[in-house]
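Using full-length UniProt numbering, read the sequence shown as starting at 1 and increasing by one per residue.
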Amino acid sequence: MAQNVQEGEGYRRFGSGLITQTQKLKKRLFSRRRHEGDRTVYIDNQILPGESVEKLPVYPDNTVVSSKYTIITFLPKNLFEQLRRVANFYFLCVALIQFVIDTPVTPLTSILPLGFVIAVTAIKQGYEDWLRHRADNEVNNRPAYIIRNGQHHDVSAKDIKVGDLVKVLVNEEFPCDLVLLSSEDPQGQCFVTTANLDGETNLKTQYCLQETRGLSTPAQLGSLRAKIKCKAPIPDLYTFEGVMEFGPEIEAKPLSLENLLLRGARLKNTAYIYGCAVYTGIDTKMALNSKAKKQKFSRVEKKMNAFLIVFLIILLGESVLSTGLKYWFEDTYGVFPFVTKESFSNEALKAIETALAFMVIYNYIIPISLYVTVELQKFLGSIFFGWDVEMYDPSVDERAKANTSDLNEELGQVEYLFTDKTGTLTENTMAFRRCCIGKRQFEMIDGHLCERTPEQIDLNHAVTFTNEINEFIRVLSLCHTVRVDRHNLESKTQNGASSQYSPTGEDYEYQASSPDEKALVEACCRFGVVYHGTNDDIMEVSFQQKMKKFKLLHTLPFDPTRKRMSVIIQDLDDLEDTKYLLCKGADMAVIDKSVTGEKVEIQNMIDEYAEFGLRTLSIAQRKLEEKEYEDLDRRLMEARRSLVQRNEKLSDMYREFETKLHLLGATAVEDKLQHEVPQTIEALRMAGIKVWVLTGDKEETAVNISHAAGHFNSDMEELRLTQVRSQEQSDEQLKTLLQSVTLSDQDTEYALIIDGQSLAYALKDHSDWLCQLCSKCVAVLCCRMSPLQKAQIVAMIKNSKSKPVTAAIGDGANDVSMIQEADVGFGIMGKEGRQAVRNSDFAFGKFRFLRRALLLHGHLYYTRIAVLVQYFFYKNVAWITGQLLYAIFSSWSEQSLFDAFYLLCYNLCFTSLPILIYGIFEQHKTKEALLNNPSLYKSIARNATLNWIEFFKWNFLGLWHCCVFFFGTYLLQQNGVSLYSTGETLGNFDFGSLIYFTCLGTVNIKLMLVTYYWCLPTFLSYIITFIGIILLTAVYTNLFWPAAVASSNSLYKSIAQLYSGAATWLAMILMVVLALLPDILIRAVKDIRWSQQEMKWHREGKMNRASIVTTCCRGK
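Written out as structure tokens, the structure reads:
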């Protein structure tokens, strides 16, 4: 007899003895450690009679922790993460150097800006983590109801342990992963929605074992003695393997995904359920799927780091050069008498300290606030993506959203777009159109099934249902996983048979995970064959209002390897209880397994359907002999009970069942193109983006859709690399195609068609040949593709010699791999779940929104941040180069030209706000111009605004500006000229102040010259900046600061005196104008060219729009 032991608030039972204090401590320390290997879960933590277990294994508790920090770890962990950035670590080193050596400026000039940047980032990250803590606490403290020892207990969700019996009420989320034991429904089923997990909004039906579905009270559940053996936790939402054992005398029962209730899913249309916790806390599938996606980096960020390295090298070179020239000057001219000689016993140490001192005064060439500004600009800018009302999709009631702000600017750099077909280019709304049964063809016209002959379509005579037709329709009405919702029948609102039926099915709403299945079942209703649901494994179907019942023996689910699904049914109205295997799937996946039927005729009809762009399924059946079925059934149950390679064993058994098929016919359903797909593809092509279609459909269907979508047009020459059967054949075809393309007329446009099998051969030995061939094609269509092959294609182009920016767009789980592989991933909020959306970088409702996302948002995002990065380096070059020039005129001393106040405020206060606002709101071109002229996208391709030519142009202008400030001020005081009414000459810090404020005016006006969109925030940013400059300077220079705050008061009252005369203002204005003359000239030339281009586009606008429409129509 098992002995029960309650451990504090936790709950564990062991075969004998009490848990020791050491074991308690061990459990506390390691309760969140993953228990590897297969697990055995004792229901209600009660061991089976006759078993002897020393102690139960300890699994993670049910506490949810998505937060990153705690109160104790926040400061050290956050500091460590921030100081891993090169710029932050560099400024920390500079600050430490200032403490160690005698430097001309106070360490506060480095410490305060660094502290500000780190503090801003820490506050942002701390706030985000606080939100995560709050969400965790809300989840962990939710009330939960558990059964222990036959008694009901109210606990918090975090207190649930593996093995506990948990009760969940309607509309509640499951607090952990549970194996369903019983429910309010007598048939032991319940309905759940998994929208939080995979985005699928249709209700799913879960089942419990027949042995436990009668346990509906705490006392009955408390008497249950059983254990669950299952696999170790894995993140796959669609896999669960286990068995439930009741003792040696009862055969173990297999458990699969249909018996598992996942944490995050919600109970619907069922009053309550009872389940046993098998995975808790970090072991739940939801937690395992919450890991961060692969980190992606934009080209702008990489180029920004390259620029930073260049300036670090320049900084090092300037410091070494200044140190060398200082020693040369002292050796040549000696040390001035008024300069105190330093005593150093070690000349090398003196040289190092001198170099470090120069590094301190030059180090401001590195913009410390660049990273925090870029981070704020990206975060705030990404909000506008979701605010774009033109990208709102009313059909799904969803607006566009950015799942990351790290890749905003990458939207403006896309060169290759890889797109799925079904649900991405098409609506994924299936409508039954045609079918063939044997040698006969039928077509759905105005809701009626009409026979089609080579001569005509018979519209006048109803189709007579022969035995062959009945068998075909029986497969359509039974071979599926469709669930029936009865909204208008009050007796029951869930799947299952009812005392009330809808004779026509009009009162039913069919729920299906596949749109194809729903379309076929709804088509059967129009034929007079109505599926009424499943009740206790009895499928009920009325044929012309005559009810027939079939027992569902097994469901062999669809998988992408077999590409078919089957059900095994028993005809209860047949006196012999005949058993049939009903099968539907991809044409070759079914036809190849068929031994009888009109295979050639049906294949020809399938090819004809594909030419019309219809989706096809082959239909077959097999009659099972009793002995044959018993043997296969026994082996299938053994495979289902196996915990070792269960999936492989089941797949082998499914293939054994799905042989010797009799081919009945095929179906064809239509999936219409989404609105404006041809126009979008043509616009992307005009923008210089190559569009590839990657689909699992057969070649004929995919080619037809490509023409309809404008992906292919009649002017393109189609190349085919298909139906390759060997490596040698692949090599030969690749070589031939490559030679023909290379030697042909350069004006010829090529479209390449390749299938999955041929692709596998091509990638094996000659991926470089394939990549070269594809690069010469305007459009590429890949058909019969597996999800892995989609990702391989994206990786091949992404890693090619030119390293282009790739984007992938899809709506289903089979598109996730390519979305994650691409530089930018787009998810369509479609009808195949939300896995693509969850794994994407950006998501929206329709393919046509891609045009706006790339040509408008992408263009603006890129231009804003490119100018922001160039401007940050430019303004520091224009400012701090004066220190180097000053060193020349100060005998290479380490004297600073600028007061510590100036050094502190330049990047943080006086130049930061306008460029941040520019990076958020700037629109250098109107929205209409960017959308109506896709070729503008080419002007920013390949990081055009951040290339090395632009980099040197910006910084050359910065050097010019600095030379104007420095030498203009220097020349002003030559020959005894004074800017003061008293005749006094400029002092050292007055000299620096004039240069400083001239620089401030110039760099802010320079930003105005590159600003094209003036809105209220832009005006306010400049007003706040200039007022801030005046106020902060007035406060600093008119107060006498103690030594603890300022190392000197050299600017005390000096600024008021300097700017009291008109001569200073005149000098500053002249220098600003002179410095900005090249910039004004560049702006004027750019505006003139743009005006000329606008006039040209205005004249040709109608022709361009007509060209797009003509091209799209040509595709059709």
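Just so you know, even glycine gets a beta-carbon here, dropped at the ideal spot from N, CA and C.
CB contact below 8 Å: residue i versus chain B
i	result
residue 994	In the structure shown, chain B does not exist; there is a single protein chain.
Delimiting residues of the alpha helix (DSSP H) encompassing residue i
i	result
residue 76	74-83
residue 319	299-333
residue 999	988-1009
residue 961	948-972
residue 547	Not the alpha helix (DSSP H): residue 547 falls in the beta strand (DSSP E), residues 546-556.
residue 864	859-889
residue 736	727-743
residue 587	587-591
Bounding residues of the beta strand (DSSP E) (the contiguous stretch that carries residue i)
i	result
residue 113	Segment 108-140 is the alpha helix (DSSP H) holding residue 113; no beta strand (DSSP E) there.
residue 386	That residue, residue 386, is in no beta strand (DSSP E); its alpha helix (DSSP H) goes 370-387.
residue 1164	Since the displayed the chain opens at 1 and closes at 1116, residue 1164 lies outside it and no answer follows.
residue 747	Residue 747 -> no beta strand (DSSP E), and no H or E assigned at all.
residue 807	806-810
residue 272	272-279
residue 542	538-543
Inter-residue spacing [alpha-carbon to alpha-carbon] between residue i and residue j
i	j	result
residue 82	residue 670	54 Å
residue 134	residue 144	19 Å
residue 420	residue 316	50 Å
residue 21	residue 53	At residue 21, the pLDDT of 43 sits below 50, so the modelled position is not reliable; the number obtained from the coordinates is stated separately. Each residue's Cα considered, the two are about 19 Å apart.
residue 773	residue 750	10 Å
residue 450	residue 677	32 Å
residue 418	residue 485	38 Å
residue 757	residue 763	10 Å
Three-way DSSP call (helix, strand, coil) for residue i in this model
i	result
residue 407	coil
residue 716	coil
residue 1034	helix
residue 662	strand
residue 457	strand
residue 167	strand
residue 693	strand
residue 227	strand
residue 655	helix
residue 259	helix
Buried/exposed call for residue i, threshold 16 Cβ in 10 Å
i	result
residue 408	buried
residue 14	Low local confidence applies: a pLDDT of 34 at residue 14 is under 50, so the model's placement there is unreliable, with the coordinate-based value given in what follows. Burial call: buried.
residue 130	exposed
residue 1013	exposed
residue 699	buried
residue 627	exposed
residue 444	buried
residue 152	exposed
residue 561	exposed
residue 1096	exposed
residue 56	buried
residue 901	buried
residue 827	buried
residue 971	exposed
Distance CB(residue i)-CB(residue j) smaller than 8 Å
i	j	result
residue 61	residue 161	yes
residue 503	residue 477	no
residue 674	residue 847	yes
residue 617	residue 755	no
residue 597	residue 704	no
residue 621	residue 662	yes
residue 229	residue 643	yes
residue 361	residue 876	no
residue 1142	residue 172	Shown here, the chain extends from 1 to 1116; a query on residue 1142 therefore has no answer.
residue 520	residue 442	no
residue 469	residue 524	no
residue 235	residue 288	yes
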